[in-house]
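S.K.: Below is one structure. I have some questions about it.
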Amino acid sequence: MPAHNDAPTPATFTAAPALSGTITVPGDKSISHRSLMLSALAIGESRVEGLLEGEDVLATADAMRAMGADIVRDADGTWHVHGVGVGCLLQPQVALDMGNSGTSTRLLMGLIASHALTATFVGDASLSRRPMGRVIDPLSNMGAAFTASPGGRLPLTLRGICPAVPIEYRLPVASAQVKSALLLAGLNTPGITRVIEPVATRDHSERMLRGFGADLTVDIDNDGARVISIRGEAMLQPQNIVVPGDPSSAAFPMVAALLVPGSQVTIRNVGLNPTRAGLVDLLREMGGDIAIIRPRDVGGEPVGDLVVTASRLSGIDPDPARAPSMIDEYPIAFVAAALAHGRSVFRGLEELRVKESDRLTTMAIGLRAIGAQVEETEDGLIIEGTGGEPLSGGGPVATLLDHRIAMSFAIAGLVSRGGVTVDDMRPVATSFPGFVDLLKAMGAME
Numbered sequence: 001m002p003a004h005n006d007a008p009t010p011a012t013f014t015a016a017p018a019l020s021g022t023i024t025v026p027g028d029k030s031i032s033h034r035s036l037m038l039s040a041l042a043i044g045e046s047r048v049e050g051l052l053e054g055e056d057v058l059a060t061a062d063a064m065r066a067m068g069a070d071i072v073r074d075a076d077g078t079w080h081v082h083g084v085g086v087g088c089l090l091q092p093q094v095a096l097d098m099g100n101s102g103t104s105t106r107l108l109m110g111l112i113a114s115h116a117l118t119a120t121f122v123g124d125a126s127l128s129r130r131p132m133g134r135v136i137d138p139l140s141n142m143g144a145a146f147t148a149s150p151g152g153r154l155p156l157t158l159r160g161i162c163p164a165v166p167i168e169y170r171l172p173v174a175s176a177q178v179k180s181a182l183l184l185a186g187l188n189t190p191g192i193t194r195v196i197e198p199v200a201t202r203d204h205s206e207r208m209l210r211g212f213g214a215d216l217t218v219d220i221d222n223d224g225a226r227v228i229s230i231r232g233e234a235m236l237q238p239q240n241i242v243v244p245g246d247p248s249s250a251a252f253p254m255v256a257a258l259l260v261p262g263s264q265v266t267i268r269n270v271g272l273n274p275t276r277a278g279l280v281d282l283l284r285e286m287g288g289d290i291a292i293i294r295p296r297d298v299g300g301e302p303v304g305d306l307v308v309t310a311s312r313l314s315g316i317d318p319d320p321a322r323a324p325s326m327i328d329e330y331p332i333a334f335v336a337a338a339l340a341h342g343r344s345v346f347r348g349l350e351e352l353r354v355k356e357s358d359r360l361t362t363m364a365i366g367l368r369a370i371g372a373q374v375e376e377t378e379d380g381l382i383i384e385g386t387g388g389e390p391l392s393g394g395g396p397v398a399t400l401l402d403h404r405i406a407m408s409f410a411i412a413g414l415v416s417r418g419g420v421t422v423d424d425m426r427p428v429a430t431s432f433p434g435f436v437d438l439l440k441a442m443g444a445m446e
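Note that UniProt numbering has the sequence shown beginning at 1, numbered continuously upward.
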């Protein structure tokens with residue numbers, strides 16, 4: 001689990017020469033979480049290759065072990081999961097420590113809500129600031145009971161119910177985590193649980209639930225909303241899963257290669273699910289030279305290799321409807337905008353205020369500290385690009401235990417005159433434990 005109570009680990013990232021090489025990024029975090037959870041609910045052995053072995057995913061593995069699943073990693077990096085079956089999770093004997101992982105917390109709340117279990121969730125300081133009400137409310141409608149800290153935060157105790165009550169729930173805010181929590185709760189709920197999604201979000205849960213044999217359908221209603229229905233008391237079948245590279249992790253070397261003059265980098269085996277590929281589309285619209293080669297399908301997920309060449313980027317005013325397809329990539333997109341030619345206007349991003357940090361304020365303060373011109377608005381940022389000129393640099397930039405903030409400012413340091421100091425690189429281990437080694441492999445640092 002993350003050791004965020006230890007001393008901070010600052011690091012300075014300085015101007016880089018042209019980047020090159022062929023690299024891979026860690027496995028997709030969203031798919032890794034779900035592969036462990038669903039494998040633990042299948043009867044028999046599932047095999048998972050390419051699992052992201054960051055602290056967030058390991059928190060999920062520990063939680064599923066605490067509820068009876070047998071999860072082991074062999075010497076070649078393949079994970080073997082012997083599941084207990086839907087409805088057969090065991091009462092955890094200890095609090096479930098989620099570390100920094102909001103995904104683990106919200107999805108497991110859904111999973112446990114329709115089981116006759118009581119579980120206490122705890123997390124680090126960052127996670128304990130994040131509100132869980134958007135999951136607590138609909139799961140309470142299904143019959144689960146919660147005792148939470150003020151503001152619906154961790155630590156919290158969940159008392160599941162079996163049988164739970166199937167509901168039809170229209171998402172008030174686009175959230176793949178809330179959608180997934182309700183679908184997981186519906187697995188052990190008699191009848192049909194429906195989630196109505198006015199704005200499409202990442203659909204890994206739907207794809208993977210079908211792959212494991214759940215009776216799940218997706219329809220489009222008269223208003224254009226997605227209606228996802230799952231029939232409960234499911235029997236899941238074990239699977240062999242190959243996890244593609246995480247597009248959220250690929251975002252950092254991708255932007256680095258676009259911004260550092262003379263660079264060309266190939267990023268292999270990147271997941272290109274259209275509900276996650278918003279950043280690739282945005283960077284291309286800004287003028288980024290990003291070629292997709294060897295497109296293919298792996299386990300129901302589109303995958304390809306990205307060839308990224310340094311480019312002249314222009315400012316952009318993207319449609320806020322794009323936000324769900326790149327919600328985790330906005331911090332590094334802000335860095336790209338800071339080096340672009342012209343103004344970028346980002347709107348409709350209120351969701352960024354309830355991530356690991358308030359990512360709008362944190363990025364605005366940090367970017368200003370290293371020489372960018374940034375105006376913060378209620379729902380976004382307005383960034384005046386440097387026209388390709390390096391940022392002045394500076395720091396230390398406060399990351400507030402947010403892994404994506406830390407990595408974004410590390411990339412900013414590669415295109416700065418004086419270097420950028422990041423106040424603490426420890427949080428990066430939650431999603432990208434080999435981040436610094438990858439920068440070295442591209443030639444960004446010694």
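Using N, Cα and C, we set each Cβ at its ideal position, and we do this for glycine too.
Here the structure is a predicted model, which means the values were calculated and not measured.
(1) Along the chain, where does the beta strand (DSSP E) that runs through A145 open and close?
(2) Would you mind stating whether G385 and H341 have Cβ atoms separated by less than 7 Å?
(3) DSSP state of R231, grouped into three classes?
(4) Roughly how many angstroms separate the alpha carbons of R170 and E197, rounded to a whole number?
(5) Is A75 buried or exposed, if buried means 16 or more other CB atoms sit within 10 Å of its CB?
(6) For a quick check, are the C-beta atoms of P320 and G348 less than 7 Å apart?
(7) Determine the burial state of residue 507: buried for a count of at least 16 other Cβ atoms within 10 Å of its Cβ, exposed for fewer.
(8) Considering V265, what are the terminal residues of the beta strand (DSSP E) in which it resides?
(9) If we call anything under 7 Å between Cβ atoms a contact, is L139 one with A113?
(10) Could you please give the first and the last residue of the uninterrupted beta strand (DSSP E) stretch that includes H82?
(11) Tell me which same chain residues have a C-beta within less than 6 Å of the C-beta of S39, skipping the five on either side of it?
(12) Taking all protein chains shown into account, do 16 or more other C-beta atoms lie within 10 angstroms of the C-beta of P172, making it buried, or fewer, making it exposed?
(13) Taking buried to mean at least 16 other C-beta atoms within 10 Å of its own C-beta, is T22 buried or exposed?
(14) As a quick exercise: from P433, G443, F435 and T189, pick the residue whose alpha carbon is nearest that of C88.
(15) Let me make sure I understand the geometry here. Which of H115, T361, V374 and V260 has the alpha-carbon closest to that of S344?
(16) In this structure, does DSSP put A323 in helix, strand or coil?
(17) Decide if K440 is buried, meaning its Cβ has at least 16 other Cβ atoms within 10 Å, or exposed.
(18) Just checking: is the beta-carbon of V48 within a distance shorter than 7 Å of some beta-carbon in chain B?
(19) Counting only runs that start and end within the segment 173–211, where is the alpha helix (DSSP H) found for 4 or more residues in a row?
(20) Going by C-alpha to C-alpha distance, which of T399, L391 and S416 sits closest to residue 470?
(21) Classify P295: buried if its beta carbon has 16 or more other beta carbons within 10 angstroms, exposed otherwise.
(22) Which residues does DSSP pair with I43 in a beta bridge?
(23) When we look at the beta-carbon of E55 and count the other beta-carbons within 10 Å, is it buried (16 or more) or exposed?
(24) If you measure between the beta carbons of P331 and S408, is that distance less than 7 Å?
(25) With a Cβ-Cβ cutoff of 7 Å, do M286 and L19 count as a contact?
(26) Does the separation of the CB atoms of A185 and M142 fall below 7 Å?
(27) Is it true that the segment 288–307 meets the segment 258–268, where meeting means three or more beta-carbon pairs spaced less than 8 Å apart?
(28) Which of helix, strand or coil does DSSP assign to residue 453?
(29) Taking only the alpha-carbon atoms, compute the straight-line gap between A323 and I293 and give it to the nearest angstrom.
M.R.: Looking at the atomic coordinates:
(1) Unbroken beta strand (DSSP E) run through A145: A145 to S149.
(2) Against a cut-off of 7 Å, the Cβ pair of H341 and G385 comes out as a contact.
(3) strand
(4) 6 Å
(5) Per the 10 Å Cβ criterion, exposed.
(6) yes
(7) Outside the displayed span of the chain (1 to 446) sits residue 507, for which this structure offers no information.
(8) Q264 to G271
(9) yes
(10) Following the DSSP letters along the chain, one finds H82 inside the beta strand (DSSP E) bounded by residues W79 to V84.
(11) Counting only Cβ-Cβ distances below 6 Å, and skipping sequence neighbours, we find S46, V81 and G83.
(12) exposed
(13) exposed
(14) T189
(15) For S344, the closest alpha carbon among the candidates H115, T361, V374 and V260 is that of V374.
(16) helix
(17) Label assigned to K440: exposed.
(18) Absence of chain B from the displayed structure is noted, only one protein chain being present.
(19) Assignment of alpha helix (DSSP H) within the segment 173–211, counting only whole runs of 4 or more residues, yields 176–187 and 204–211 in chain order.
(20) Shown here, the chain extends from 1 to 446; a query on residue 470 therefore has no answer.
(21) exposed
(22) V84
(23) buried
(24) yes
(25) The answer is no: Cβ separation not under 7 Å.
(26) Yes. Within cutoff.
(27) yes
(28) Outside the shown range of the chain, which is 1 to 446, sits residue 453, and nothing can be said about it.
(29) 25 Å
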